[in-house]
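Throughout, the numbering used here is defined as the position within the sequence shown, counted from one, plus 1013.
Let me begin by presenting the structure, written as structure tokens, before commenting on it.
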Amino acid sequence: MKILVTGASSGIGAACAFRLAKAGHRVVGASRSGSAPEGVVGHVLDIRDPQALESGLRNIVGDLGGLDALVNSAGVAVAGALEDTPLEFVRAQLETNLFGATCLIRAALPYLRDQEGGRLVHVASLAVDVPLPFQALYCAAHAGLNALCEALRYELEPVGVRVTVVSPGSVRTGLTANRRTARAGVVYAGAAEKVLTANDLDEEGGIPAERIAEVVEKVLGRRVPPERVAVAHWHEKASGPLRRVLPERLFRRVIRSHYGI
Ligand SMILES: NC(=O)c1ccc[n+]([C@@H]2O[C@H](COP(=O)([O-])OP(=O)(O)OC[C@H]3O[C@@H](n4cnc5c(N)ncnc54)[C@H](OP(=O)(O)O)[C@@H]3O)[C@@H](O)[C@H]2O)c1
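In structure tokens:
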């Protein structure tokens, strides 16, 4: 297959690009830095820049000789109380994970439609099912893109493009160190610090990015791919179903007690 993996310079995207290339696929890895793992052709592509994105994608598809699959893993993380978050951080979160990802998918669709059985694999987050405290913007961006993918299936199935949402729980990647955290004001400082410290620990003890790559490879290998796959420690996976059976307030109490707030 001819595959574009975004976010291929680090973490989940890098693991996916490396694994897919090793399996014999033709892989371009895109990111702002353009660096990519061994066996993968790196391209510079900033998904926050819609104009550069269209021409960048054209070059990538030219290099690949077509596009069978887009694996969408470019993303950033912003944390902190919304009230404390500078607009620059708000923009970075929504323009990358929501607006940028949407523009990329939109621009990639004509190429994916051109192929027999084009594939869109979007790397989302379990935070879509279980929104996390002091990461409201991150959760909102992922929830928006998840809704986009769900609605797109009505448009894309008739034209032969299949959409899979892969939802990781905590994963050990550069995201933890790269996260932009708003400086907490007095109102939220205590709770925000507790939550974000616990969140960092969850990610440091998270699953390796290679587990997501393994799943993405399997998804691309299936004639009829699954629509949604969660990849996480069992207790994180259980949080979605638990939320559906517990009253909302009780569920929030469970989440609060996990973070000590
Ligand atoms: N790690 C986790 O625990 C976890 C859990 C659930 C979901 N996820 C999601 O998985 C996705 C990948 O995260 P990760 O953990 O692999 O993080 P990561 O290690 O920080 O990698 C993020 C990748 O996105 C690229 N990127 C960021 N902004 C970009 C832009 N404007 N244009 C193009 N590329 C851009 C980065 O490369 P450059 O800096 O070179 O541009 C990097 O390659 C994110 O959407 C994240 O929310 C992660």
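Positions of the beta carbon are idealized from the N, C-alpha and C atoms, including for glycine.
From a predicted model like this one, the values you see are computed outputs, not experimental measurements.
Item                                                                                                                                   : Value
Say the cut is 7 Å; is the CB of Thr1109 nearer than that to a heavy atom of ligand 1?                                                 : yes
Which class does Ser1180 belong to by DSSP, given the choice of helix, strand or coil?                                                 : strand
To which residues of the same chain is Phe1031 closer than 6 Å at the C-beta, ignoring the five residues directly before and after it? : Pro1050
Within this structure, are the beta carbons of Val1172 and Arg1126 separated by less than 8 Å?                                         : yes
So, is Ser1023 buried or exposed, given that buried needs 16 or more other C-beta atoms within 10 angstroms?                           : buried
For Lys1035, which residues does DSSP report across the bridge?                                                                        : DSSP, once it has assigned bridges, lists no residue as partnering Lys1035.
Check for me: the alpha helix (DSSP H) holding Val1258 runs from which residue to which?                                               : 1252-1258
Let me check understanding here. Comparing Cα to Cα, which of Phe1112, Val1143, Val1041 lies closest to Lys1250?                       : Val1143
Pro1123: which of Glu1067, Phe1102, Ala1036, Pro1254 sits nearest, CA to CA?                                                           : Glu1067
Helix, strand or coil: how does DSSP classify Ile977 here?                                                                             : Residue 977 is absent from the structure shown; the chain starts at 1014 and stops at 1274.
Could you tell me whether any non-hydrogen atom of ligand 1 is closer than 7 Å to the CB of Ser1086?                                   : yes
Just tell me which of Glu1129, Ala1092, Asp1076 has its CA closest to the CA of Arg1236.                                               : Glu1129
Going by alpha carbons, who is nearest to Ser1046 out of Phe1112, His1155, Thr1019, Pro1063?                                           : Thr1019
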